[in-house]
Amino acid sequence: MKFNNKLFNKVSHVIFDLDGTILDTETLYREALQRIADIYDKDCNNDVILKIAGMTQPMIAETIIEDFDLPVDVKTFLDQYNGFIDTRIGHCDLMPGKNQELSVFEQYLPFY
Numbered sequence: 151m152k153f154n155n156k157l158f159n160k161v162s163h164v165i166f167d168l169d170g171t172i173l174d175t176e177t178l179y180r181e182a183l184q185r186i187a188d189i190y191d192k193d194c195n196n197d198v199i200l201k202i203a204g205m206t207q208p209m210i211a212e213t214i215i216e217d218f219d220l221p222v223d224v225k226t227f228l229d230q231y232n233g234f235i236d237t238r239i240g241h242c243d244l245m246p247g248k249n250q251e252l253s254v255f256e257q258y259l260p261f262y
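For the sequence shown, this note's numbering assigns the number 151 to the initial residue and increments by one for each residue that follows.
Next up, the structure:
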């Protein structure tokens with residue numbers, strides 16, 4: 151990708167949306183849900199994933215707890231869910247093609 155350096159001289163900041171745009175967090179969230187489902191011998195299939203798409207974490211917890219009839223409250227579910235995510239987020243893969251896009255920014259803008 152070739153860019154006009156004069157255009158980048160006018161740019162002082164770039165805001166990145168990491169969640170699902172730069173980082174492949176969907177895979178991570180799916181793994182977290184499956185880990186919890188495995189604890190209770192449940193299957194977190196594509197129908198479940200589609201059902202919770204776009205929900206907030208508390209809504210996801212309530213839905214999964216109800217649909218799977220889990221013997222936990224929302225706080226416990228979210229502690230398990232976020233605990234798994236927290237240990238893995240630093241190792242999350244980039245979305246396809248994002249490494250190249252980020253390298254273009256890095257050529258013209260300082261990363262701090």
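Here a beta-carbon is modelled for each residue, glycine too, at the ideal position from N, C-alpha and C.
Residue i versus the options, residue with shortest Cα-Cα distance
i      : options                        : result
PHE227 : GLN257, THR213, ASP167, ASP169 : THR213
GLN230 : ILE189, LEU259, LYS248, THR206 : ILE189
ILE239 : GLY170, GLU216, LYS201         : GLY170
ASP174 : PRO221, CYS242, LEU183, ASP167 : CYS242
LYS192 : GLU216, LEU200, GLY204, ALA203 : GLU216
THR206 : VAL224, ILE172, ASN196         : VAL224
THR237 : LYS248, MET245, GLU181, ASP167 : GLU181
LEU200 : GLU176, LEU259, GLU251         : GLU176
ASN232 : ALA211, SER162, GLU256, LEU168 : ALA211
Under the three-state DSSP convention, the category residue i falls into
i      : result
ASP169 : strand
LEU220 : coil
LEU259 : coil
Whole-number beta carbon distance between residue j and residue i, since they are thought to touch under 8 Å
i      : j      : result
CYS194 : LEU178 : At roughly 13 Å, the Cβ-Cβ gap does not stay under 8 Å, so CYS194 and LEU178 are not in contact.
ALA187 : PHE234 : Incorrect: roughly 12 Å between the Cβ atoms, too far for contact.
MET245 : ILE172 : 6 Å
Residue environment, residue i, which counts as buried when at least 16 other CB atoms sit within 10 Å
i      : result
ALA203 : exposed
VAL254 : exposed
Any C-beta of chain D under 9 Å from that of residue i
i      : result
ILE214 : Protein chains in the displayed structure number just one, and chain D is not present.
Note down, one range per segment and in chain order, each alpha helix (DSSP H) of at least 4 residues found wholly within the stretch 171 to 209.
-> 175 to 189, 196 to 202
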